[in-house]
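**Student:** Here it is, the structure in full.
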Amino acid sequence: MIGERSELARCSDDGEPNGTAGKPMLDVLQGEELRNTAVVVTRYFGGTLLGTGGLVRAYAQAVKAGLASSVIITKIRGVKLRIGTDYTGLGKIQYILGQKGLRILDSEYADNVKLEVLVPENAVEAVRSDITEGTNGQASMEEGERCWFAQIDGQPVVLEEFTDRDK
2 MIGERSELAR CSDDGEPNGT AGKPMLDVLQ GEELRNTAVV VTRYFGGTLL
52 GTGGLVRAYA QAVKAGLASS VIITKIRGVK LRIGTDYTGL GKIQYILGQK
102 GLRILDSEYA DNVKLEVLVP ENAVEAVRSD ITEGTNGQAS MEEGERCWFA
152 QIDGQPVVLE EFTDRDK
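Under this note's numbering, read the sequence shown as residues 2 to 168, first letter to last.
Here it is in structure tokens:
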């Protein structure tokens with residue numbers, strides 16, 4: 002299933018009786034409302050004939066077991082926001098980021114503090130506004146690379162930088 006709205010969905014029975022492998026697997030994926038997902042199930046014949054109903058159950062259960070063992074993520078459009086501040090503004094910025102559930106990707110402590118934060122694209126203006134207000138305009142902010150990311154176990158993980166088709 003490919004696309005943000007699963008525009009392209011394909012399945013194959015690949016030698017199994019018609020409608021006993023690909024369609025049951027696709028039905029499980031569609032039932033879970035997953036997108037941009039591919040599943041491959043390999044079945045080795047063990048000598049027992051399952052019949053069409055048994056094949057349908059076996060393939061559907063294989064996909065369900067695979068999904069239960071997987072980490073399912075939501076891809077988010079994001080911006081790496083670089084923030085510069087003096088030490089007096091650091092606590093306020095950390096508080097604002099914490100309230101918004103944003104994690105600091107990188108930090109550099111010297112004469113001033115430089116932070117790099119991954120912000121969902123639709124929240125950048127609100128974050129900038131809150132930091133500007135919280136530091137009385139003393140913090141500097143610059144938008145860096147745009148990327149796709151996901152939250153996995155509470156941590157932001159950059160998946161890929163934007164390509165021309167993403168912009």
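We treat Cβ as the ideally placed atom computed from N, Cα and C, and that holds for glycine.
For clarity, every value in this text was computed on a predicted model and none was experimentally measured.
Please name the residue, chosen from G67, T136, V114 and Y60, that lies closest to N19 on a Cα-to-Cα basis.
**Tutor:** For the purposes of this step, residue 19 is taken as the residue at position 18 of the sequence shown. Answer by Cα proximity: Y60.
**Student:** Within the continuous alpha helix (DSSP H) that includes Y96, where are the two ends?
**Tutor:** Taking the first residue of the sequence shown as position 1, residue 96 is located at position 95. Residues Y88 to Q100.
**Student:** Assuming K115 is part of the beta strand (DSSP E), what are its boundary residues?
**Tutor:** Position 114 of the sequence shown, counted from the first residue, corresponds to residue 115. Its beta strand (DSSP E) spans residues V114 to P121.
**Student:** Can you have a look at K81 and say buried or exposed, based on whether 16 or more other CB atoms are within 10 angstroms of its CB?
**Tutor:** In the sequence shown, residue 81 corresponds to position 80, counting from 1. With 16 or more other Cβ atoms within 10 Å, it is buried.
**Student:** Below 8 Å, how does it come out for the segment 54-71 and the segment 93-112: are there three or more Cβ pairs, yes or no?
**Tutor:** No contact exists between the segment 54-71 and the segment 93-112.
**Student:** Any idea if F150 is buried or exposed, counting beta-carbon neighbours within 10 angstroms, 16 or more meaning buried?
**Tutor:** Along the sequence shown, read from residue 1 onward, the residue named residue 150 stands at position 149. Buried, since its Cβ has 16 or more Cβ neighbours within 10 Å.
**Student:** Express the C-alpha separation of S71 and G32 in angstroms, rounding to a whole number.
**Tutor:** For the purposes of this step, residue 32 is identified with residue 31 of the sequence shown, where counting begins at 1. For the purposes of this step, residue 71 is identified with residue 70 of the sequence shown, where counting begins at 1. Their Cα atoms are separated by approximately 16 Å.
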